[in-house]
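Beneath this line is the structure, given in structure tokens, with notes to follow.
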Ligand SMILES: [Ca+2]
Ligand SMILES: [Ca+2]
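Residue numbers (this note's numbering): 104 to 333.
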């Protein structure tokens, strides 16, 4: 009886070690975890598209980059936008348009518009994030007065935000189309190239549990095989 318990514990440790090894060697985890904290080092190396300088109505609405990312074991889509002029620029309104069912239209009730109002102040920022469906109907307030952007002293160019998969009405690995635009006087001033993305919770718990179970089954059969040899 004692021996039986011991090998079971041994198998669990072996399975855990295997899972830890896979976690440690997973390239998805080589990158930083995204934190909404108005610091932008966590975005280094994340997927992004750049946009030319000088293609907008003015410098303050001229977008230069759009980033997107997920964190392991978290069903939230994270985004970051960067513009040309910051330090003396006033507030900017961004729209992240999302074609959630990937059918080429952004105007369906299942689609989403994430409105980001970014107002850099001297030493911090206020960021409001509101969620609308594709027809423009208001759904929910994601954030109100959050300090998720660079202050004027920090450059006033970059802002980060996140929206849960549940709010977007999507499941992990669902393919979506999205496009970031800056607004000016009720119209679009600058638009970044369209992006197709399948946001996943990286190496999430379901996969990790699957790997653990596979490891334990493998070791169990190895032991059975060795047992028969005796
Ligand atoms: Ca951050
Ligand atoms: Ca631009």
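Glycine residues also receive a C-beta, built at the ideal position from the N, C-alpha and C atoms.
Quick one: grab the DSSP three-state call for residue 130.
-> Numbered from 1 along the chain shown, position 27 holds the residue referred to as residue 130. Only weak support is given to the placement of residue 130: the predicted model assigns it a pLDDT of 48, under 50, and the value that follows is read from those uncertain coordinates. Note: residue 130 maps to helix in three-state DSSP.
What are the boundary residues of the alpha helix (DSSP H) that includes residue 303?
-> Within the chain shown, numbered from 1, the residue matching residue 303 stands at position 200. Looking at the DSSP string, residue 303 is not in any alpha helix (DSSP H), and its letter there is neither H nor E.
Could you spell out the range, first to last residue, of the beta strand (DSSP E) harbouring residue 296?
-> Looking up residue 296 in the chain shown gives position 193. Unbroken run through residue 296: none, as it is neither H nor E.
State whether the region 288 to 301 contacts the region 168 to 178, with contact taken as three or more CB pairs (one from each stretch) at a distance under 8 Å.
-> yes
Name, in chain order, the residues that DSSP records as bridge partners for residue 195.
-> Working through the chain shown from its first residue, we reach residue 195 at position 92. BP columns for residue 195 point to 221.
DSSP three-state call for residue 264: helix, strand or coil?
-> Within the chain shown, the letter at position 161 stands for residue 264. Reduced to three states, the DSSP call for residue 264 is strand.
Taking the alpha-carbon positions, what's the residue 140 to residue 274 distance?
-> The residue labelled residue 140 in the question sits at position 37 within the chain shown. The residue labelled residue 274 in the question sits at position 171 within the chain shown. Each residue's alpha carbon lies about 26 Å from the other.
Sequence-distant residues of its chain with Cβ nearer than 7 Å to residue 130 (five each side left out) = Here residue 130 refers to the residue found at position 27 of the chain shown. Summary for residue 130: the model assigns pLDDT 48, below 50, so the residue's position carries little reliability; its value from the coordinates is reported in the next sentence. Taken in chain order, the list of residues that qualify is empty.
May I ask you to check if the CB of residue 142 is nearer than 7 Å to at least one heavy atom of ligand 1?
-> Sequence index remark: in the chain shown, residue 142 carries index 39 (1-based). Correct: residue 142 has its Cβ closer than 7 Å to ligand 1.
Who are the Cβ neighbours of residue 226 in its own chain at under 7 Å, not counting the five residues just before and after it?
-> Here the question's residue 226 lines up with position 123 in the chain shown. Result list for residue 226: 254, 256, in chain order.
How close, in whole Å, do the beta carbons of residue 162 and residue 188 come, if the pair is a contact with beta carbons under 8 Å?
-> Mapped onto the chain shown, residue 162 falls at position 59. Mapped onto the chain shown, residue 188 falls at position 85. Their Cβ separation, rounded to whole angstroms, is 4 Å, which keeps residue 162 and residue 188 in contact under 8 Å.
Distance, residue 120 Cα to residue 182 Cα = Counting from 1 along the chain shown, the entry for residue 182 is found at position 79. Counting from 1 along the chain shown, the entry for residue 120 is found at position 17. Each residue's alpha carbon lies about 33 Å from the other.
Using only alpha-carbon positions, find the residue among 281, 159, 291 that is nearest to residue 151.
-> Here residue 151 is taken as the residue at index 48 of the chain shown, counted from 1. Comparing Cα-Cα distances from residue 151 to each of 281, 159, 291, the minimum goes to 281.
Throw me the rounded Cβ distance for the residue 201 and residue 137 pair, which I believe falls under 8 Å.
-> In the chain shown, the residue the question calls residue 201 occupies position 98. In the chain shown, the residue the question calls residue 137 occupies position 34. The pair is not a contact, with the Cβ atoms about 18 Å apart (cut-off 8 Å).
Using three-state DSSP, classify residue 159 as helix, strand or coil.
-> Working through the chain shown from its first residue, we reach residue 159 at position 56. Residue 159 falls in the coil class under three-state DSSP.
Name the residue from 197, 269, 285 whose alpha carbon lies nearest to the alpha carbon of residue 304.
-> As a first step, residue 304 is located in the chain shown; it is residue number 201 there, counting from the start. Of the listed residues, the one whose Cα sits closest to residue 304 is 269.
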